[in-house]
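Residue numbers (the working numbering), protein chains in the order written: chain A, 7 to 277; chain B, 12 to 537; chain C, 6 to 282. For reference, the structure discussed in these notes is given below.
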Amino acid sequence: MSRFRSYLSHPFWGSLLVLVFSYLGLKFGIGYLLPAVGVHSAPVPSSVLLQYMLTVFVAILLYVSTDEERWRAFKQPIRDVMVDPARRTMRAVLLVAFPVLAGFVTYGRVRAEVGAPPSLRSIHPAPPNDLTFRGERIRLTSLQNPLRESGLLEERVRTGGRLYVQNCVPCHGDRLDGEGPAAHALNPVPADFTDNGSISQLTESYVFWRIAKGGPGLPVEGAPWNSAMPVWEDILTADEIWSVILFIYERSGSRPRTWEEAEGTGEGDEG
Amino acid sequence: MGLQTPWLIAVLAALLASRRCWLVMPALLVAGQAAAQDVERGEAIYRTWCQDCHGEDGKGDGPAADRMLPRPRDFVAARYQIRTTASGALPTDDDLMRVMGEGLPGTAMPGWPNLSDDEKRDVIAYIKSLSPFFERETPETLQRSVDPGGGPEAATAGREIFERLECDRCHGRLGRGDGSSAASLEDWRDLPIRATDLTEPWLFNGGMGADAIHTRFLTGLDGTPMPSNQDALEAGIVTEQDLWHLAHYVASLGPEREPDVEEVVRIERRETLPGGPDDEAWESVRAFYVPLIGQIVEAPRQFSPTVDGVWAQGVHNGSELALRIVWDDPSNSPDPEWQEWQDRIAATLYADEVEIPTDPLPDLLFLQFPSEVPEGRERPYFLMGDGRDPVYLWLWHSRRGAVEARAAGLGAAEALDSAGSGLAASAKWEAGQWRVVFRRPLATEEDGALGFAEGVPIPVAFFASDGSSGETGGRGAISSWYYVVLQPPTSRAAFVAPLIAMLVTGGLGMFAVRRAQRSVHSEGRG
Amino acid sequence: MFDKTRTWATVAVACLAWACGGGGDAGAGGEAPAVEEAAEAAPIIDPATAGTIAGVIAFKGEAAAPQAIDMSEEPDCADGYGSEGPLTQSVVVNDGRLANVFVYVKEGLDLTFPAPPDPVLLNQENCRYHPHIVGLQVDQPLQISNSDPLLHNINTQPSLNRGFNISQPQAGMETTRDFGVPEVMIPVKCDVHGWMRAYIGVLDHPYFAVSAADGSFSMPKLPPGGYVVEAWHELYGVQTMDVVVGEGETVEVSFTYDAGMAENAEVPLGEPLVLGH
Numbered sequence: 007m008s009r010f011r012s013y014l015s016h017p018f019w020g021s022l023l024v025l026v027f028s029y030l031g032l033k034f035g036i037g038y039l040l041p042a043v044g045v046h047s048a049p050v051p052s053s054v055l056l057q058y059m060l061t062v063f064v065a066i067l068l069y070v071s072t073d074e075e076r077w078r079a080f081k082q083p084i085r086d087v088m089v090d091p092a093r094r095t096m097r098a099v100l101l102v103a104f105p106v107l108a109g110f111v112t113y114g115r116v117r118a119e120v121g122a123p124p125s126l127r128s129i130h131p132a133p134p135n136d137l138t139f140r141g142e143r144i145r146l147t148s149l150q151n152p153l154r155e156s157g158l159l160e161e162r163v164r165t166g167g168r169l170y171v172q173n174c175v176p177c178h179g180d181r182l183d184g185e186g187p188a189a190h191a192l193n194p195v196p197a198d199f200t201d202n203g204s205i206s207q208l209t210e211s212y213v214f215w216r217i218a219k220g221g222p223g224l225p226v227e228g229a230p231w232n233s234a235m236p237v238w239e240d241i242l243t244a245d246e247i248w249s250v251i252l253f254i255y256e257r258s259g260s261r262p263r264t265w266e267e268a269e270g271t272g273e274g275d276e277g
Numbered sequence: 012m013g014l015q016t017p018w019l020i021a022v023l024a025a026l027l028a029s030r031r032c033w034l035v036m037p038a039l040l041v042a043g044q045a046a047a048q049d050v051e052r053g054e055a056i057y058r059t060w061c062q063d064c065h066g067e068d069g070k071g072d073g074p075a076a077d078r079m080l081p082r083p084r085d086f087v088a089a090r091y092q093i094r095t096t097a098s099g100a101l102p103t104d105d106d107l108m109r110v111m112g113e114g115l116p117g118t119a120m121p122g123w124p125n126l127s128d129d130e131k132r133d134v135i136a137y138i139k140s141l142s143p144f145f146e147r148e149t150p151e152t153l154q155r156s157v158d159p160g161g162g163p164e165a166a167t168a169g170r171e172i173f174e175r176l177e178c179d180r181c182h183g184r185l186g187r188g189d190g191s192s193a194a195s196l197e198d199w200r201d202l203p204i205r206a207t208d209l210t211e212p213w214l215f216n217g218g219m220g221a222d223a224i225h226t227r228f229l230t231g232l233d234g235t236p237m238p239s240n241q242d243a244l245e246a247g248i249v250t251e252q253d254l255w256h257l258a259h260y261v262a263s264l265g266p267e268r269e270p271d272v273e274e275v276v277r278i279e280r281r282e283t284l285p286g287g288p289d290d291e292a293w294e295s296v297r298a299f300y301v302p303l304i305g306q307i308v309e310a311p312r313q314f315s316p317t318v319d320g321v322w323a324q325g326v327h328n329g330s331e332l333a334l335r336i337v338w339d340d341p342s343n344s345p346d347p348e349w350q351e352w353q354d355r356i357a358a359t360l361y362a363d364e365v366e367i368p369t370d371p372l373p374d375l376l377f378l379q380f381p382s383e384v385p386e387g388r389e390r391p392y393f394l395m396g397d398g399r400d401p402v403y404l405w406l407w408h409s410r411r412g413a414v415e416a417r418a419a420g421l422g423a424a425e426a427l428d429s430a431g432s433g434l435a436a437s438a439k440w441e442a443g444q445w446r447v448v449f450r451r452p453l454a455t456e457e458d459g460a461l462g463f464a465e466g467v468p469i470p471v472a473f474f475a476s477d478g479s480s481g482e483t484g485g486r487g488a489i490s491s492w493y494y495v496v497l498q499p500p501t502s503r504a505a506f507v508a509p510l511i512a513m514l515v516t517g518g519l520g521m522f523a524v525r526r527a528q529r530s531v532h533s534e535g536r537g
Numbered sequence: 006m007f008d009k010t011r012t013w014a015t016v017a018v019a020c021l022a023w024a025c026g027g028g029g030d031a032g033a034g035g036e037a038p039a040v041e042e043a044a045e046a047a048p049i050i051d052p053a054t055a056g057t058i059a060g061v062i063a064f065k066g067e068a069a070a071p072q073a074i075d076m077s078e079e080p081d082c083a084d085g086y087g088s089e090g091p092l093t094q095s096v097v098v099n100d101g102r103l104a105n106v107f108v109y110v111k112e113g114l115d116l117t118f119p120a121p122p123d124p125v126l127l128n129q130e131n132c133r134y135h136p137h138i139v140g141l142q143v144d145q146p147l148q149i150s151n152s153d154p155l156l157h158n159i160n161t162q163p164s165l166n167r168g169f170n171i172s173q174p175q176a177g178m179e180t181t182r183d184f185g186v187p188e189v190m191i192p193v194k195c196d197v198h199g200w201m202r203a204y205i206g207v208l209d210h211p212y213f214a215v216s217a218a219d220g221s222f223s224m225p226k227l228p229p230g231g232y233v234v235e236a237w238h239e240l241y242g243v244q245t246m247d248v249v250v251g252e253g254e255t256v257e258v259s260f261t262y263d264a265g266m267a268e269n270a271e272v273p274l275g276e277p278l279v280l281g282h
């Protein structure tokens, strides 16, 4: 036990332990342990993991080298392996193991299979100032949902709900979570309206633009060639689109961003 | 009533203990359920989440129902497909809970994890109140025997039962839903219904695995042509063991879980390319599953397509590429046997769309590529390109074979002017499955045709139409963009680089050790 | 609050224990058969006064000719039909008389009839149902049998009763079922053989008949009284008639169908379900 503790307080073995624990924590703790206890999380990508590990390594080096005594103690085991005649076997094993490992890693890198190119796309690209809806020019800036002021709100929401189930459910789902029966075959996946980063970040005019012009109406940064979102102006009238918008906000329990909120921060910067 | 659950249990226990109380028991149980389930609360939830498909009165005729196949359940008629009860019987509450929790795979019915169990029970109380049948009878779960176990022997024995019970009449000889009666099948509303493709168990409405399959044998799928075999079992025509063997055989027809989807279809490099669609060499080439969904982006739309996925596999030899695409389609269209099916599908699904085709139609497969390997991230629109950026197509027609074409929008494909780049295709339809092999030289001089480069991701998208379901002119099943990557030849670098890395690492190690030892020696001397 | 609940529960347990224990062995169990007996007692129809409704179903105009059925996928069945081959049964007209019409007393009876214990037969032979139109009483056994050495499924699709869909994969198999609620008519089909159709009429009394090949039908032993009689045909729809039966009288009733009726015919299959509350 005391022997174990002395190992722990030794700069070299202690540092090694910190490295191992950092790795395990970053690799498995964040991605798998947190969700297991109910905290929303996702695995750390390997490139980020490498960066974190480098940071930890540099921090350890800084720490052990601040004190002359500690630095010497830190180097001692390494030095021992290199020179101690009693550790000849260990030395030979390491001298073979390191090159083999390096060769193996290099081979893996050279042989790495070509993957799909990263699909970088802006989820909420900046909207245009105005759009042409069925031949009619509409100014998007400061555009409000006309149905909110027209009375009969409840009925409009119901109309929107009917249109939603007829047209949108296959992709965006009955629960509005982007998990409709057709969603599994789509890349990018359909928008999840119940997500905080979705429609609650957007003004209704923005949503109107996205529905009316669909995938092909996206600017280049939105990767218009990939989106399966139809150009709804070909299928629905403006009133119908506005009522669907009323419905998706109502049903997902979210609130559209107002123009006052959108001003200054600039809608569409995120994503 | 303020009776708490523990007390209810205590009362029931007391009753059980005092015997002869069975007469009062049902009344108490009903009272207990009434306390636990609330029809009014259930109706409120129903109005929010269920009625758009299942209808205001629960008749399965909500505004979304018209585009679905199969249609949503009619809670008034109360014919339930997925149950643990006898044919014609009502489902138990547990049956309904399971369907609400997990949904019905292969249909538009999702699971409802957003509802709590209590909320689901309330909804069940409400949908039961919609039908007088639930007042008349109490459903009972069928007794089932214990699974004697699977394995290859059970599956082989099950195959004989499959033939003896003539399951192939609807499901087809190899289970792909292409039996001789498949084209005439109707559900209880006289709407066309597809015989289940038993090789795609992840789409089974009642779930996959021998246990679920066995339950379906006993209960049948009410409202569909699938009968219950309970009577045949009781009559001794099949035994308990037979049905379990059959269940294991059916389970063995498909994978154990839904196939994984990968974005890249890897094209292996080999000296010789496999030959036609039935060449055994294809068995050793990895197949990639690409799920397809109805083309509902542009008119004419198809909400319930026949084809739900294709398997793609490929080999190249540095100068030529062979791609085999395999997919299940119960009809070798055009087929006069399926003409009535085509008309019924058109009447059921395309009523509100502009064109309703009536002439016999072929099966089609489109492989879309960009007209050149994209440099940046831009590529053509995934649905047959557009005027700005057309797609290069391999267009296969079930009667005319394959041609190279280009398209600048849905339904706007035009064959390339000249002979193209030498695309050749051979196809075979057998037992409910198309197998199509495309071959083309990698390089091309043709304008608008794609030259295949090795080692780079090349976008590819799939589009399949089943003529016998009236799929033509943009109706069909689509995929998003995927990639094919032609495996480059193994370069020398693959061996040289690791060797250099080993030498350098080894050398540095030796150098470090030498230096350390030398310094110790010099210290010792000094 | 909790204490109160506990008290109530204790009282409830005590009451129930009393209710259960007090009755003795005969108790509630003993009463049930008595009630059943009462229900099973058949009404007494005096043969001296009973009358009969009889008649023919006439047919005017050009009847749709029976269509050939393509049974090529079942040669075993097709062989049973000789050189003429199998024909559809939905319209069978002989010398201006229509067969396969279900005639029954729709209104006017207020007697309760017990289910006869004898089963009514529905056989599948040469890929066709025999008979094509079946009548039976509520709770009367329907014995379904298969004379063909191949798979049939019997898919009944009632509205008011619970339907069933069962397989009979082998010759000689028999299944017995019954229907608990009157319903005119219940379609029966075989999904393996799309051409196979039969219709079952379920009534809570024995006054029904199916017109024979010569269009004749007869419903004897009717107590005197006024009745509404309905005729049902799968293609030409329904017709009703008021009939008064005097003591010991035989009333001649004839229904006339004509070819033009097929176009706008309403062919009721059960009644649409009404909500139970």
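We put the beta carbon where it would ideally sit given N, CA and C, even for glycine. Bear in mind the structure is a predicted one, so any value in this text is a computation, not a measurement.
Integer-rounded CB distance, given that residue j should sit under 8 Å from residue i
i: B/Trp-352; j: B/Ala-246; result: Their Cβ separation, rounded to whole angstroms, is 33 Å, which puts B/Trp-352 and B/Ala-246 out of contact at 8 Å.
i: B/Thr-230; j: B/Thr-95; result: 6 Å
i: B/Ala-464; j: A/Met-88; result: Rounded, the Cβ-Cβ distance is 49 Å, inconsistent with contact.
i: B/Trp-338; j: B/Gly-320; result: 7 Å
i: C/Glu-179; j: C/Cys-132; result: Between C/Cys-132 and C/Glu-179 the Cβ distance is about 18 Å, and since that is not below 8 Å, they are no contact.
i: B/Leu-372; j: B/Gly-481; result: 7 Å
i: C/Phe-222; j: C/Ala-59; result: 7 Å
Where residue i falls, given that 16 or more other Cβ within 10 Å makes a residue buried
i: C/Gly-27; result: Any reading at C/Gly-27 needs caution, since the residue's pLDDT is 36, under 50, leaving its predicted position unreliable; the model's value is listed next. Exposed, since its Cβ has fewer than 16 Cβ neighbours within 10 Å.
i: B/Phe-506; result: exposed
i: B/Lys-139; result: buried
i: B/His-532; result: exposed
i: B/Val-367; result: Correcting the residue type first, residue 367 of chain B is Ile in the shown sequence and not Val. The residue in question, B/Ile-367, is exposed, as its Cβ has fewer than 16 Cβ neighbours within 10 Å.
i: B/Arg-446; result: buried
i: B/Ile-135; result: buried
Distance CB(residue i)-CB(residue j) smaller than 8 Å
i: B/Ile-469; j: B/Phe-380; result: yes
i: B/Leu-404; j: B/Leu-375; result: no
i: B/Leu-284; j: B/Ala-362; result: no
i: B/Phe-393; j: A/Trp-231; result: yes
i: B/Val-276; j: B/Phe-299; result: yes
i: B/Val-87; j: B/Gly-99; result: no
Start-to-end residues for the alpha helix (DSSP H) that takes in residue i
i: A/Trp-265; result: 265 to 268
i: A/Met-235; result: No alpha helix (DSSP H) contains A/Met-235, which DSSP labels as neither H nor E.
i: C/Ile-191; result: Not the alpha helix (DSSP H): C/Ile-191 falls in the beta strand (DSSP E), residues 188 to 194.
i: A/Ser-249; result: 244 to 258
Residue interval of the beta strand (DSSP E) (run including residue i)
i: C/His-135; result: 133 to 135
i: B/Leu-284; result: B/Leu-284 -> no beta strand (DSSP E), and no H or E assigned at all.
i: C/Lys-226; result: 221 to 227
i: A/Pro-83; result: Counting along the chain, A/Pro-83 falls outside any beta strand (DSSP E), though it belongs to the alpha helix (DSSP H) covering 74 to 89.
Against chain C, which members of the segment 391 to 414 of chain B pass a CB distance test of less than 9 Å? none
Scan the segment 414 to 442 of chain B for residues whose Cβ lies nearer than 9 Å to a Cβ of chain A and list them as they occur along the chain. The residues in question: there are none.
Residues in the segment 190 to 205 of chain C having any Cβ partner in chain B nearer than 7 Å: From the segment 190 to 205 of chain C, only Asp-196, Val-197 and Gly-199 have a Cβ closer than 7 Å to chain B.
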